[in-house]
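Protein chains: 2
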Amino acid sequence: MERISATYYIETPYEVEAAAQVLAGEQSSGTFVAVPGETAELKQRFAARVESIEKLETVSHPAIPGAVSASGQYHRAIITVSWSIENFGYNLPTMISTLQGNLYEITQFTGLKLMDLEVPASFAEHFDGPAFGIQGCRELTGVEEGRPLIGTIIKPSIGMSPEETATLVKTLVEAGIDFIKDDELMGSAANSPFGKRVEAIMKVINAHADKSDKKVMYAFNISDEMDSMQRNYDTVVQHGGTCAMMSINSVGLAGVKKICDRRELAIHAHRNGWGMLNRHPLLGIDFRAYQKLWRLAGVDQLHVNGIKNKFWESDDSVVRSIEACLTPMLGGYEVMPVVSSGQWGGQAPETYRRTNTTDLLYMAGGGIMAHPAGPAGGVKALQQAWQAAVDGVSVEEAAKIYKEFGLSVEKFGQ
Amino acid sequence: MERISATYYIETPYEVEAAAQVLAGEQSSGTFVAVPGETAELKQRFAARVESIEKLETVSHPAIPGAVSASGQYHRAIITVSWSIENFGYNLPTMISTLQGNLYEITQFTGLKLMDLEVPASFAEHFDGPAFGIQGCRELTGVEEGRPLIGTIIKPSIGMSPEETATLVKTLVEAGIDFIKDDELMGSAANSPFGKRVEAIMKVINAHADKSDKKVMYAFNISDEMDSMQRNYDTVVQHGGTCAMMSINSVGLAGVKKICDRRELAIHAHRNGWGMLNRHPLLGIDFRAYQKLWRLAGVDQLHVNGIKNKFWESDDSVVRSIEACLTPMLGGYEVMPVVSSGQWGGQAPETYRRTNTTDLLYMAGGGIMAHPAGPAGGVKALQQAWQAAVDGVSVEEAAKIYKEFGLSVEKFGQ
Numbered sequence: 001m002e003r004i005s006a007t008y009y010i011e012t013p014y015e016v017e018a019a020a021q022v023l024a025g026e027q028s029s030g031t032f033v034a035v036p037g038e039t040a041e042l043k044q045r046f047a048a049r050v051e052s053i054e055k056l057e058t059v060s061h062p063a064i065p066g067a068v069s070a071s072g073q074y075h076r077a078i079i080t081v082s083w084s085i086e087n088f089g090y091n092l093p094t095m096i097s098t099l100q101g102n103l104y105e106i107t108q109f110t111g112l113k114l115m116d117l118e119v120p121a122s123f124a125e126h127f128d129g130p131a132f133g134i135q136g137c138r139e140l141t142g143v144e145e146g147r148p149l150i151g152t153i154i155k156p157s158i159g160m161s162p163e164e165t166a167t168l169v170k171t172l173v174e175a176g177i178d179f180i181k182d183d184e185l186m187g188s189a190a191n192s193p194f195g196k197r198v199e200a201i202m203k204v205i206n207a208h209a210d211k212s213d214k215k216v217m218y219a220f221n222i223s224d225e226m227d228s229m230q231r232n233y234d235t236v237v238q239h240g241g242t243c244a245m246m247s248i249n250s251v252g253l254a255g256v257k258k259i260c261d262r263r264e265l266a267i268h269a270h271r272n273g274w275g276m277l278n279r280h281p282l283l284g285i286d287f288r289a290y291q292k293l294w295r296l297a298g299v300d301q302l303h304v305n306g307i308k309n310k311f312w313e314s315d316d317s318v319v320r321s322i323e324a325c326l327t328p329m330l331g332g333y334e335v336m337p338v339v340s341s342g343q344w345g346g347q348a349p350e351t352y353r354r355t356n357t358t359d360l361l362y363m364a365g366g367g368i369m370a371h372p373a374g375p376a377g378g379v380k381a382l383q384q385a386w387q388a389a390v391d392g393v394s395v396e397e398a399a400k401i402y403k404e405f406g407l408s409v410e411k412f413g414q
Numbered sequence: 001m002e003r004i005s006a007t008y009y010i011e012t013p014y015e016v017e018a019a020a021q022v023l024a025g026e027q028s029s030g031t032f033v034a035v036p037g038e039t040a041e042l043k044q045r046f047a048a049r050v051e052s053i054e055k056l057e058t059v060s061h062p063a064i065p066g067a068v069s070a071s072g073q074y075h076r077a078i079i080t081v082s083w084s085i086e087n088f089g090y091n092l093p094t095m096i097s098t099l100q101g102n103l104y105e106i107t108q109f110t111g112l113k114l115m116d117l118e119v120p121a122s123f124a125e126h127f128d129g130p131a132f133g134i135q136g137c138r139e140l141t142g143v144e145e146g147r148p149l150i151g152t153i154i155k156p157s158i159g160m161s162p163e164e165t166a167t168l169v170k171t172l173v174e175a176g177i178d179f180i181k182d183d184e185l186m187g188s189a190a191n192s193p194f195g196k197r198v199e200a201i202m203k204v205i206n207a208h209a210d211k212s213d214k215k216v217m218y219a220f221n222i223s224d225e226m227d228s229m230q231r232n233y234d235t236v237v238q239h240g241g242t243c244a245m246m247s248i249n250s251v252g253l254a255g256v257k258k259i260c261d262r263r264e265l266a267i268h269a270h271r272n273g274w275g276m277l278n279r280h281p282l283l284g285i286d287f288r289a290y291q292k293l294w295r296l297a298g299v300d301q302l303h304v305n306g307i308k309n310k311f312w313e314s315d316d317s318v319v320r321s322i323e324a325c326l327t328p329m330l331g332g333y334e335v336m337p338v339v340s341s342g343q344w345g346g347q348a349p350e351t352y353r354r355t356n357t358t359d360l361l362y363m364a365g366g367g368i369m370a371h372p373a374g375p376a377g378g379v380k381a382l383q384q385a386w387q388a389a390v391d392g393v394s395v396e397e398a399a400k401i402y403k404e405f406g407l408s409v410e411k412f413g414q
């Protein structure tokens, strides 16, 4: 029978083997009391199994509160546990409750993070996955292989009217941008109701598409209660939009999947709230496991932060996240990594050097809007930065070759 | 204009005032670049506001990774920030993205936990809240005020067939139990498909209700993708069930609210995965804030762990959680706290002494099933334990007064 496996980074004051068995027990039979009619075969069929244990260092301070070690030592390890597909079938919420449920409550752990998970081949028959993926997003925006999609975020996050936003969109569209998105704080604000914003913005985008044959992708933030999200989605479709954005942690898995399953719009997955799930090194979930869940749910684009970002995350972590998204899952389930936060083009060579890909949605805010030659110069500078990156040209050299990128380096290159 | 406020426990290597302003800026305008057409009034209208700062201790080690302090000092504080209702209206997912979004990524914090939130009175016009609440759950189970609902969990969590489960349910129902639930690991297993389980169990419960006039509440775990959850819900309704359970963190807010909005079944909210969100003292969300979100979504019962539980959580935290659930919100939004984990009745006097309430769903597993006089003795012992608790009788005295409870003390009282 096919099995689902999960890998955890753990810390425990007990023997690692014993702690691993507690996890497996808690997350399958859930009791050590024999029950009438429970045969050994039945127990065997549904029991979680500890597949491997790799012992790591021992430390003298627990990472998070839990049982106190008598010896003052806390042992770290990587463990892999597996479950039969028979336990929960093809049901993502119950899979999550099994792989990420009450185990975080277990006092025998003073650290527990879900690092990765593997689902069996039969999942491909039950989960359609991303409707567009990388190739589809390229087709929708008319951006051929060889460079990333260049995108930006409407700022200020909140406060502008639909008309003001549309005016800004017009500037960006004419500047040659591929992608624009609402901020995650902007759903339906008092002075910018969702429907009015879609109408005003799509008028600009459609008019530009009629003239230029290039339809800019705008990710409208449809995040809301279920029925409102469906209405918001309808509104985007009716006005000829190509993308909807959801704050995936806030909406939640069942809601996001229900929307992805409509398969008419590319889904831009914003992971705000992610720091809560990941920032502690020994608590929560690693991005490698996280991105698999959302690819199964069907998102087409997923945030990964960026090199030299303004947030707390390290470059190494960003690189691992991009690699995770670009690693095929069940033979496909393509998701486009969304690079953002403090990006202006100067990070393009390093991003390419470390990931060797242009299959990215590369987002810059100030790097475009505040460019000395205006937004058109900003977009051009980003395209130049990526050309330089692909050609193996350094930032310093590229600044000499390309006028607009040179201006970016002067202004943002500190 | 009405405002929504959020209180955070923070730690920062910077001045607390400066860090608070970064949070407010990031979570409203999101930029410090002036944009054409952005007036001062508009900025004022949508800007988040730091309402109060209460400074706490300074420590020499950061709680979670972030900016490094030049002075080696990290300052802790409680801060309150507010937003106008105009920013996102009545949209829980976007409210969460505002109160709990990218702020966890901010490098200026080396600790950040959402402790509480306050929503304005107008929320009551937009969110129906729990359909049954405490009073409704008492009516559905026929348990009058003065004692908690006594409940149990089917164990082993997974492995039994519908028929085996129904046999166990028959024993429990005849023992006088008020409530039974699926384990959160049990959705639709290979040998226990959801529909077949509901049918087998409700046959037992309905037959007992016909004889005795007491309908035991069974919380069937409907957690699944959206459409399957709706079908599962229909199945429970069709068979005369009164309750559905969801793993709320795994299903997510939009999905849970959509189900709650049907208002035909009491909703049992299982918080598995909660440790991930709360176990670190300076990361995530406190239960006080958490339970408000789910009451707005409309759950009727919510897990709070129990006194002397088998998990890592302290008794103080459990008591605070019960109090949080029982504090009226917007004049109502009653939710019944679900006390569980290692409970057998011996904790009843302490639970009552510290919370002064019987408005609980009190769950025991082994305390009922493994009682020396059988499940009927176990249920009786729990009722006796609560009678003793309300009468102010100690465990030792109660063991002498009540035969079944006395047997519990002998067996479980270590």
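First to last, the protein sequences are chains A and B.
Here UniProt numbering is used: the first residue of the first sequence is 1, the next is one more, and so on.
Here UniProt numbering is used: the first residue of the second sequence is 1, the next is one more, and so on.
Glycine included, every Cβ here is placed at the ideal spot set by N, Cα and C.
Residue-level contact to chain A via CB, N102(B), 8 Å cutoff: Within the second sequence, numbered from 1, the residue matching residue 102(B) stands at position 102. Taking Cβ atoms only, chain A reaches closer than 8 Å to N102(B), which makes this a yes.
Only counting the same chain, and skipping five residues up and downstream in sequence, which positions put a Cβ closer than 7 Å to that of R354(B)? As a working mapping, residue 354(B) is identified with position 354 in the second sequence. Exclusion of the five residues before and after R354(B) leaves V319 as the residues of its chain whose Cβ lies within less than 7 Å of its Cβ.
I need the boundaries of the beta strand (DSSP E) containing residue 416(A), first residue and last residue. Outside the modelled stretch of chain A, which goes from 1 to 414, sits residue 416(A), for which no answer is possible.
Can you look up I322(B) in the DSSP assignment and give me helix, strand or coil? Here residue 322(B) is taken as the residue at index 322 of the second sequence, counted from 1. It is helical.
Give the interface partners of L283(A) over in chain B, defined as CB-CB distance under 7 Å, in chain order. For the purposes of this step, residue 283(A) is identified with residue 283 of the first sequence, where counting begins at 1. Those within 7 Å of L283(A) in chain B are M276, R279 and H280.
Pick helix, strand or coil for G392(A), following the three-state DSSP scheme. As a first step, residue 392(A) is located in the first sequence; it is residue number 392 there, counting from the start. The answer is coil: DSSP assigns G392(A) none of H, G, I, E or B.
Does any C-beta atom of chain A lie closer than 8 Å to the C-beta of E396(B)? Here residue 396(B) is taken as the residue at index 396 of the second sequence, counted from 1. Not an interface residue.
8 Å CB neighbourhood of F32(B) in its chain, flanking five on each side removed: Within the second sequence, the letter at position 32 stands for residue 32(B). Any reading at F32(B) needs caution, since the residue's pLDDT is 47, under 50, leaving its predicted position unreliable; the model's value is listed next. Correct list, in chain order: G25.
Give me the Cα-Cα distance between Y352(B) and W312(B), rounded to the nearest whole angstrom. Taking the second sequence and counting its residues from 1, the one referred to as residue 352(B) is at position 352. Taking the second sequence and counting its residues from 1, the one referred to as residue 312(B) is at position 312. Using only the alpha carbons, I get a separation of about 21 Å.
Three-state class that DSSP yields for E17(B) in the structure shown: Residue mapping note: residue 17(B) aligns to position 17 of the second sequence, counting from 1. Three-state result, E17(B): helix.
Amino acids of chain A, ordered along the chain, whose beta-carbon sits closer than 8 Å to that of Q347(B): Taking the second sequence and counting its residues from 1, the one referred to as residue 347(B) is at position 347. Under the 8 Å cutoff, chain A gives no residues; its nearest Cβ is about 16 Å from Q347(B).
T94(A) touches chain B at which residues, Cβ-Cβ below 9 Å? Residue 94(A) sits at position 94 when you count from the first residue of the first sequence. Residues of chain B passing the Cβ test: E184, L185, M186, G187, S188, N221, S223, D224, S247 and S250.
Could you give the first and the last residue of the continuous alpha helix (DSSP H) run that contains V173(A)? The residue given as residue 173(A) occupies position 173 in the first sequence. Taken as a continuous stretch (DSSP letters only), the alpha helix (DSSP H) holding V173(A) covers P162 to E174.
If we ignore side chains and look at the alpha-carbon of each, how far apart do P62(A) and A20(B) end up? Within the first sequence, numbered from 1, the residue matching residue 62(A) stands at position 62. Within the second sequence, numbered from 1, the residue matching residue 20(B) stands at position 20. Each residue's alpha carbon lies about 29 Å from the other.
Roughly how many angstroms separate the alpha carbons of I322(B) and P349(A), rounded to a whole number? Here residue 322(B) refers to the residue found at position 322 when the second sequence is read from its first residue. Here residue 349(A) refers to the residue found at position 349 when the first sequence is read from its first residue. So the two alpha carbons sit approximately 54 Å from each other.
For I180(A), I'd like the list of residues in its chain whose CB is within less than 7 Å of its CB, leaving aside the five on either flank, ordered along the chain. Working through the first sequence from its first residue, we reach residue 180(A) at position 180. Contacts found: G151, T152, I154, V169, L172, V216 and Y218.
Do you know offhand how far E86(A)'s Cα is from N232(B)'s? Position 86 of the first sequence, counted from the first residue, corresponds to residue 86(A). Position 232 of the second sequence, counted from the first residue, corresponds to residue 232(B). Answer to the nearest angstrom: the Cα atoms are 18 Å apart.
Please list, in chain order, the residues of the segment 41-54 of chain A that have any C-beta partner in chain B closer than 9 Å. For the segment 41-54 of chain A, which is checked against every Cβ of chain B, the residues closer than 9 Å are L42, K43, R45, F46 and A47.
The beta strand (DSSP E) with M115(B) in it runs from where to where? To locate residue 115(B), count along the second sequence from 1; it is residue 115. Unbroken beta strand (DSSP E) run through M115(B): G111 to E118.
What ranges does the beta strand (DSSP E) occupy inside the segment 261-300 of chain A, keeping only unbroken runs of at least 3 residues that lie completely in it? 266-270 and 283-285, all fully within the segment 261-300 of chain A.
Could you give the DSSP three-state label for G101(B): helix, strand or coil? Along the second sequence, read from residue 1 onward, the residue named residue 101(B) stands at position 101. Coil at G101(B), not helix or strand.
Under 7 Å Cβ to Cβ from G72(B), same chain only, skipping five residues before and after it: list those, please. On the second sequence, position 72 is the one that residue 72(B) refers to. So the qualifying residues of the chain are S60.
Inter-residue CB distance, Q384(A) and F405(A) (contact presumed, cutoff 8 Å): Taking the first residue of the first sequence as position 1, residue 384(A) is located at position 384. Taking the first residue of the first sequence as position 1, residue 405(A) is located at position 405. Contact flag correct, Cβ pair sits at about 4 Å.
Quick check on T12(A): buried or exposed, where buried means 16 or more other Cβ atoms within 10 Å of its Cβ? Here the question's residue 12(A) lines up with position 12 in the first sequence. Buried is the call here.
With DSSP collapsed to three states, give me the class of F46(B). One-based indexing of the second sequence puts residue 46(B) at position 46. F46(B): helix per DSSP, three-state reduction.
Kindly list, in the order they appear in chain B, the residues whose Cβ is closer than 8 Å to that of N91(A). For this step, residue 91(A) is matched to residue 91 along the first sequence. Under the 8 Å cutoff, chain B gives G187, S188, S223, D224, E225 and S228.
I'd like to know if the segment 158-167 of chain B and the segment 321-335 of chain B are in contact, where contact means that at least 3 CB-CB pairs between them fall below 8 Å. A contact is defined here as three or more CB-CB pairs under 8 Å, and the segment 158-167 of chain B fails this definition with respect to the segment 321-335 of chain B.
Show which residues of chain A have a CB atom less than 9 Å away from the CB atom of I106(B). For this step, residue 106(B) is matched to residue 106 along the second sequence. Chain A residues near I106(B): G275, K310, F311 and W312.
Mapping the DSSP letters down to three states, classify residue 459(B) as helix, strand or coil. Nothing can be reported for residue 459(B), as the shown portion of chain B is limited to 1 through 414.
Strand pairing of F179(B), partner residues [DSSP]: Taking the first residue of the second sequence as position 1, residue 179(B) is located at position 179. Paired residue(s): G151(B) and M217(B).
Report the neighbours of G176(B) on chain A: residues whose CB is nearer than 7 Å to its CB, in chain order. Taking the first residue of the second sequence as position 1, residue 176(B) is located at position 176. Under the 7 Å cutoff, chain A gives no residues; its nearest Cβ is about 20 Å from G176(B).
Might you give, ordered along the chain, the residues of its own chain that have their beta carbon closer than 7 Å to the beta carbon of F109(B), omitting 5 neighbours on each side? Taking the first residue of the second sequence as 1, we reach residue 109(B) at position 109. Cβ neighbours of F109(B) beyond the five flanking positions: I10, E11, T12, A19 and G66.
Suppose you measure from the CA of K380(B) to the CA of Y14(B); what does that come to, to the nearest Å? Mapped onto the second sequence, residue 380(B) falls at position 380. Mapped onto the second sequence, residue 14(B) falls at position 14. Cα to Cα, K380(B) sits roughly 58 Å from Y14(B).
Any Cβ of chain B within less than 8 Å of the Cβ of K258(A)? As a working mapping, residue 258(A) is identified with position 258 in the first sequence. Judged by the 8 Å Cβ criterion, K258(A) is in contact with chain B.
Contact check, L265(B) vs T235(B) under 8 Å by CB: the rounded distance? Taking the second sequence and counting its residues from 1, one reaches residue 265(B) at position 265. Taking the second sequence and counting its residues from 1, one reaches residue 235(B) at position 235. About 11 Å separates the two Cβ atoms, so there is no contact after all.
Relative to chain B, which residues along the segment 346-369 of chain A have a C-beta separation below 9 Å, given in chain order? Of all residues in the segment 346-369 of chain A, those with a C-beta nearer than 9 Å to a C-beta of chain B are G365, G366 and M369, reading in chain order.
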